[in-house]
Each structure stands twice: as C-alpha cells, then as structure tokens.
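Below is one structure; the comments refer to it alone.
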Ligand SMILES: Nc1ncnc2c1ncn2[C@@H]1O[C@H](COP(=O)(O)OP(=O)(O)OP(=O)(O)O)[C@@H](O)[C@H]1O
Ligand SMILES: [Mg+2]
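Residue numbers (the working numbering), protein chains in the order written: chain F, 1 to 439; chain V, 1 to 223.
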C-alpha cells in the first residue's frame with residue numbers, strides 16, 4: 001500500500017465526483033481557449049480586412065494613375081493639335097467691362113497686329129484684329145446692333161502663310177446675323193443702308209441663339225471710317241495658340257507682354273480647356289476617392305482595435321466569472337469529497353498517518369483533477385482545431401496557441417489545488433476523536 | 001521499576017455543552033494497563049468510556065492529567081511525535097470498524113503502512129488474513145463483507161504493525177455471539193502473547209473473557 005494506490009482506488013471508487021470536478025476544469029480551460037481563439041480570430045480578420053482595403057486603395061491608385069497618365073497624354077496631344085484662343089485687349093482696358101459688355105471700350109493702334117505678326121512669337125498661330133461697337137441702326141428704327149469690323153487674318157511673317165480661319169468680309173459688303181436679315185427680309189446679294197452708306201449683303205448667318213444674331217460684320221477699314229476710328233482696333237483675337245504647358249496662359253501672357261507691353265490677355269473657353277478642366281475634375285474626384293478609401297482603412301483599423309478592446313474587456317469579465325465559478329465549484333467538490341472521507345481520514349490519523357501524508361493524498365487528487373481537466377480541454381481543442389478553423393474561427397488556427405499549452409497544464413493544477421486547499425486542510429485537521437466516537 | 005505499557009494519571013476531560021455549560025466526561029482517571037493485561041472497561045452509556053479510550057490512545061488531549069505509553073508522556077509530545085507513537089505502539093478497533101470503503105481486504109489490512117514502513121507487511125497481512133479465516137476475501141471491498149468479516153479485517157489491520165497496546169471500543173457491539181466470540185478469542189491471544197488490551201464493552205460475556213474488569217460511572221473509575 002502506498003499513497004498513489006490509495007488515491008487511485010479512491011478515484012475509481014468515486015469516479016463521478018472526480019469526473020465532475022475534472023469537467024469543471026475542462027469547461028474553464030475550454031472557455032480560456034475559446035476567448036484566446038476568438039480574439040486571435042478577430043485579429044486575423046482585422047488584418048485581412050485592412051489588407052484587403054489597403055490593396056483596394058493601392059489598386060485604385062495604380063489604376064487611376066495609369067488612366068490619368070493616358071488621359072493626360074491624350075489631352076496634351078489634343079491641346080497641341082487644337083490649340084486654344086486668347087484675346088488681346090488695349091492697355092488700360094478694364095477687363096470687368098469687357099466681361100460685362102462683350103467688347104473693349106478702349107482702343108489700340110492697328111499697328112499692334114503687325115508688330116505681333118513680325119515678332120518671333122511662337123505660341124500664336126493666327127491673329128485677327130477687330131473693332132467692335134454697340135450702336136443704333138438709324139435706318140432701321142434705331143435698333144441696337146453690334147458692329148464688328150474684321151480684316152481677316154494677318155499672316156505671321158516668320159511662318160508660312162496659314163489658311164485663313166474665318167471668312168473675310170469684302171469691302172462694301174456686310175455679313176448679317178439671323179435676327180437682322182430675318183426681320184428685314186434680306187438675302188445674300190440684296191442691298192441695304194447702314195449709317196448712310198450703301199452695302200451689299202455678302203452672307204446671312206443662320207440662327208445662333210446669341211449675340212451673333214444681332215451682329216453686323218464689315219471690313220475693318222470701312223468700320224473704322226464709319227466710326228471715325230481710323231487705324232484703331234479694340235481687340236486682337238489670337239487663334240489656335242499652341243502651348244502644351246500647364247500654365248499656358250501665363251506663358252502666352254509673358255510672350256505678348258514682351259512685344260505689346262500693357263495689353264491685357266484673356267483666354268476664351270475652348271474644347272481643349274474644357275477637356276483639361278474635366279480632366280482636373282476627374283483627377284480630383286479620383287484622388288478624393290482614393291483618399292476616402294485610405295481614410296476608411298484607417299477608420300476600419302481604429303474600429304477593429306476599439307472592438308477588440310471592448311471584446312477583451314467582455315471576455316475578461318466572462319473569464320473572471322468562469323474562473324471564480326470554477327474555483328468555487330472545484331472547492332465545493334473538494335469539500336464534499338473531504339466530508340465523505342472524514343471517517344477514513346480519522347482512522348488513518350488514529351493509525352498514526354501524518355496529516356501531511358493525508359493532505360498530500362487530497363492535494364494530489366486535486367492536482368490530477370486540474371491537470372487531467374486541462375489536458376482534456378487541450379485534447380478537445382486539438383481535435384476540433386481543423387473544424388473550428390474552417391467554421392466559427394474564420395481561418396484562425398487553434399494550434400497556433402499550442403505554445404501556451406504547458407502554461408495551462410501548470411496553471412490549472414495549481415488553481416485546482418488552491419481551490420481544494422481549504423476544505424482539505426480543514427478535513428485533515430478535524431479532531432479524529434470526534435469523528436470516530438461510537439455514539 | 002519499569003514503566004507500564006499504559007498509565008493514565010488524574011486524567012480529566014470535559015466538553016463544552018450548550019449555553020456555556022460543561023459536560024464532565026472523565027474525572028481523575030488513574031489507570032494502568034501492562035503487558036499480558038486484557039482489561040474490560042464497563043459502565044453505563046455516557047459515563048465517559050470512549051472519551052477515556054481516546055485520551056489513552058493519544059487522540060484526545062485531556063484537560064488535566066498525564067498519559068504515558070511505553071515511557072513517553074503522550075501529551076508532552078508534538079502532534080507528529082504522538083502520531084508516530086500511535087503508529088508504532090497503539091492499535092485501535094471500533095464498533096463501526098471504520099474500514100476504508102474503497103480498499104479491498106488486503107489493502108485495508110495494509111493501511112498502517114501509510115503511517116510507517118512495516119517490514120514484510122505483505123506476508124504478515126496474508127498470514128493475519130489466514131489466521132482470521134479471510135484468505136478467500138482478500139480482494140473483497142468492505143461493502144461486500146459480512147459484519148463479522150469486517151470486524152476481523154479491522155482487527156487484522158490493528159494488529160499488522162504489531163502494537164504493544166490494543167484499544168478496542170465495543171469491538172463486539174455489532175456482532176452476533178459467534179463472531180463476538182471469535183474476536184474476543186483473538187484479543188485474548190494477543191494479550192497472552194505479551195500485548196495489552198483495553199476494551200470498552202457492554203457485553204457481560206466479553207467482560208468475562210477479560211483478565212480484569214473496571215467499572216466506570218459518571219466519569220470516575222471504580223475497581
Ligand atoms: N465531542 C464532544 N462534545 C461534547 N460532548 C461530548 C463529546 N464527546 C463526548 N461527549 C459527552 O461526554 C460524555 C461521555 O461520552 P462518551 O462517548 O465517552 O460516553 P460512553 O461512555 O462512551 O457512552 P456509550 O456507552 O454510549 O458509548 C457524554 O455525556 C457525551 O455526551
Ligand atoms: Mg462509547
């Protein structure tokens with residue numbers, strides 16, 4: 001006979017009590033593993049989620065930058081081909097007035113066109129001098145018209161003569177806007193009087209739905225004569241300026257300012273500009289989208305971290321409760337076991353067995369309960385690891401926690417012993433005489 | 001002069017009763033039990049017989065007086081020394097047998113080896129079982145034994161460490177005359193072989209077997 005045999009025999013004699021205590025430990029350790037696994041699975045999920053979002057952002061970015069590069073290239077090409085238009089207004093001209101009225105009130109010498117044409121200007125392809133005024137047509141019930149004197153294109157001396165961009169108006173002729181020729185019943189070839197001078201209608205424009213419908217075009221020289229503005233113009237239109245840099249207007253302004261100091265240069269809307277603006281808008285939009293995606297990723301990370309802390313707290317509370325419940329129930333089971341064994345303990349003591357030996361037997365039993373309970377929980381976890389990884393743990397591998405198994409196998413028996421200590425100590429130190437009395 | 005095996009001197013023991021009262025269980029008990037003695041302790045129920053037995057066996061500290069076993073003053077020793085004295089010199093037998101329920105007959109008889117190592121314990125246990133007619137019950141647990149068999153197992157267990165003194169509290173109280181007779185004859189043999197027996201009993205026939213009979217009344221011994 002030895003203590004080991006005594007312990008073993010007792011366990012076989014009261015297997016239910018032993019298994020129940022062991023199962024309690026198994027449940028507690030199972031809870032511990034579950035919490036660790038759920039937190040691990042949460043972390044794993046967080047990592048894959050942020051990784052996916054980072055990837056998405058990176059993909060958007062690279063997709064966008066490739067698209068943008070292609071688009072920018074095509075816009076550049078288009079802009080080079082299309083060119084864009086600028087107006088040059090006289091020095092001292094208020095641009096606000098131009099925007100309000102549609103033309104400049106100040107004038108500049110017609111010579112400016114020649115100066116510009118003879119300079120080595122590279123950014124401008126076509127130059128169109130004009131003189132524009134709003135006035136009443138005395139012969140037509142003082143109706144308001146816009147008179148534009150144009151001369152056609154001025155060739156740039158340093159380049160090959162270019163194909164003229166707009167129709168010239170022949171001397172003694174007028175080109176009429178839709179509203180004018182329609183109300184007056186005029187057709188090409190008809191004659192009409194304007195400011196006391198006889199003109200032939202050279203062309204009738206179709207309806208445009210704008211100022212052009214009340215505009216009269218005539219030869220610049222005749223216009224200057226009629227308005228008593230000989231040798232003066234109030235705008236030069238430069239067409240198809242070709243300049244692909246981002247700050248193209250600035251570049252043209254600098255060049256023109258070098259030749260015609262004091263003049264004002266503005267850009268008129270062109271297809272190319274609209275496209276460039278669309279591109280800028282698209283770019284901004286895409287960049288905002290990417291920034292939002294990145295923002296979202298950061299927020300997600302924060303939220304997942306917050307959620308983890310929250311979960312950790314919840315789990316810690318739960319675990320605390322489970323731990324206390326386990327200690328109480330293991331302690332209680334140890335107490336009932338010790339009670340059931342009190343005569344046995346009494347007789348062992350009467351025979352002279354030391355309290356230390358008896359306590360050792362009781363604590364060994366508690367140790368076994370803790371160790372086997374924990375081992376059983378670990379075994380179940382090990383067996384279920386595969387199924388859980390595919391299921392509730394969303395890819396988290398329980399086996400990655402196995403480094404902590406030795407700790408659990410040490411801690412569980414210690415806790416079981418701690419829980420059983422008091423009842424065991426009490427039982428062993430009860431007065432054997434009281435227990436063994438025959439009354 | 002050599003010390004007797006057991007000597008109690010002016011042993012006094014009382015218990016706390018309800019409402020601060022005290023119950024005096026043993027008063028001024030002077031008793032000597034020596035080798036070869038088979039002493040029967042008799043008296044009405046509640047007179048303090050069991051209490052005196054526990055005090056004599058070192059299981060219950062008296063309020064006053066001394067208990068000496070084999071020259072050692074029991075209650076001047078510490079608990080573990082007292083346990084060692086019990087393990088080597090004293091055997092107990094109770095009316096309820098108090099066998100360990102999950103150990104078989106052989107293991108129950110071998111239980112004293114948990115207290116101290118006993119040379120050739122297994123052989124001794126087997127020969128005791130043989131002598132007590134329990135050889136064929138060696139691997140039975142107490143629940144499957146008759147009461148007579150259980151008391152014989154308890155006696156065999158008490159005898160395994162070869163004690164000098166056997167303290168028996170109504171060992172035949174639960175037994176039929178035949179089984180009681182068997183137990184009493186074993187106790188007599190033990191005392192004849194140089195042991196000492198102090199037996200509490202209500203049974204007149206048991207007392208007749210004893211070499212000496214002591215009467216106890218209201219905590220006091222009368223010779
Ligand atoms: N632990 C105890 N606490 C309080 N009173 C006790 C205790 N043990 C014994 N007594 C009391 O001491 C007295 C003597 O008890 P004891 O058991 O020694 O009597 P006994 O002679 O053995 O009786 P019986 O023949 O019925 O076994 C009784 O009155 C009993 O109630
Ligand atoms: Mg009694």
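Glycine included, C-beta positions come from ideal geometry on N, C-alpha and C.
The beta strand (DSSP E) runs of length 3 or more contained entirely in the region 131-178 of chain V are, from start to end of the chain, 165-169.
Residue 84 of chain V belongs to the set of residues whose beta carbon lies under 8 Å from a beta carbon in chain F. Close to residue 107 of chain V, with beta-carbon spacing below 9 Å, are these residues of chain F in chain order: 1, 5, 6, 9. Residues of the region 10-26 of chain F that bring their beta carbon within less than 8 Å of a beta carbon in chain V comprise 10, 12, 13, 14, in sequence order. By the Cβ neighbour-count rule, residue 91 of chain F is exposed, with fewer than 16 other Cβ atoms within 10 Å of its own. Proximity to residue 332 of chain F across F:416, F:138, F:194 peaks at F:416, based on C-alpha coordinates. The beta-carbon of residue 103 of chain V is placed less than 8 Å from the nearest beta-carbon of chain F. Between ligand 1 and the CB of residue 317 of chain F, the shortest heavy atom gap is not smaller than 7 Å.
Contact of residue 347 of chain F with chain V is assigned, a C-beta pair being separated by under 8 Å. Within chain F, no C-beta atom comes nearer than 7 Å to that of residue 138 of chain V; the closest sits roughly 13 Å away.
Around the C-beta of residue 102 of chain V, 16 or more other C-beta atoms lie within 10 Å, and the residue is accordingly described as buried. The closest heavy atom of ligand 2 lies less than 7 Å from the beta carbon of residue 169 of chain V. The three-state secondary structure of residue 290 of chain F, taken from DSSP, is helix. When C-beta distances to chain V are compared with 8 Å, every residue of the region 44-55 of chain F stays at or above that value. Residue 335 of chain F and residue 435 of chain F have their alpha carbons spaced roughly 16 Å apart.
Neighbours of residue 436 of chain F across chain V, judged by C-beta separation under 7 Å: 94, 98. Judged by their CB atoms, residue 110 of chain F and residue 289 of chain F are not nearer to each other than the 8 Å cut-off. The closest CA to that of residue 6 of chain F, considering only V:213, V:44, V:115, is found on V:115.
Take the alpha-carbon of residue 217 of chain F and the one of residue 148 of chain F: they are about 5 Å apart.
Pairing residue 42 of chain F with residue 56 of chain F, the inter-Cα distance amounts to about 21 Å. Rounded to the nearest angstrom, the gap between the Cα atoms of residue 143 of chain V and residue 366 of chain F is 26 Å. Using beta-carbon distances, residue 113 of chain V counts as an interface residue toward chain F, with a partner under 8 Å.
Here DSSP, grouped into helix, strand and coil, assigns residue 189 of chain F to coil. Of all residues in the region 321-354 of chain F, the ones placed with a Cβ closer than 8 Å to any Cβ belonging to chain V are 343, 344, 346, 347, 348, 349, 350, 351, 352, 353, 354, in chain order. Secondary structure in the region 70-138 of chain F: the alpha helix (DSSP H) runs of 4 residues or longer, each lying completely within the stretch, are 95-101, 111-118 in chain order. Contacts with chain V (Cβ-Cβ distance below 9 Å) from the region 356-388 of chain F involve 356, 357, 358, 361, listed in chain order. Within chain V, the residues whose beta carbon sits less than 7 Å from that of residue 433 of chain F are 54, 59, 60, listed in sequence order. Among the bridge pairs identified by DSSP, residue 31 of chain V is matched with V:8. Among the residues facing chain F, residue 80 of chain V is included, as its CB has a counterpart in that chain under 8 Å away. Among the residues of chain F, those whose CB is under 7 Å from the CB of residue 87 of chain V are 351, 352, following chain order. Residue pairing by DSSP leaves residue 64 of chain F without any beta bridge partner. With its beta carbon less than 8 Å from one in chain F, residue 50 of chain V belongs to the interface. Listed by position along chain F, the residues whose Cβ is nearer than 8 Å to that of residue 116 of chain V are 352. In this structure, residue 55 of chain V has its CB at a distance of at least 7 Å from all heavy atoms of ligand 1.
Contact between residue 107 of chain F and residue 233 of chain F is confirmed by a C-beta separation of about 6 Å, below the 8 Å threshold. Closer than 8 Å to the CB of residue 110 of chain V there is at least one CB belonging to chain F.
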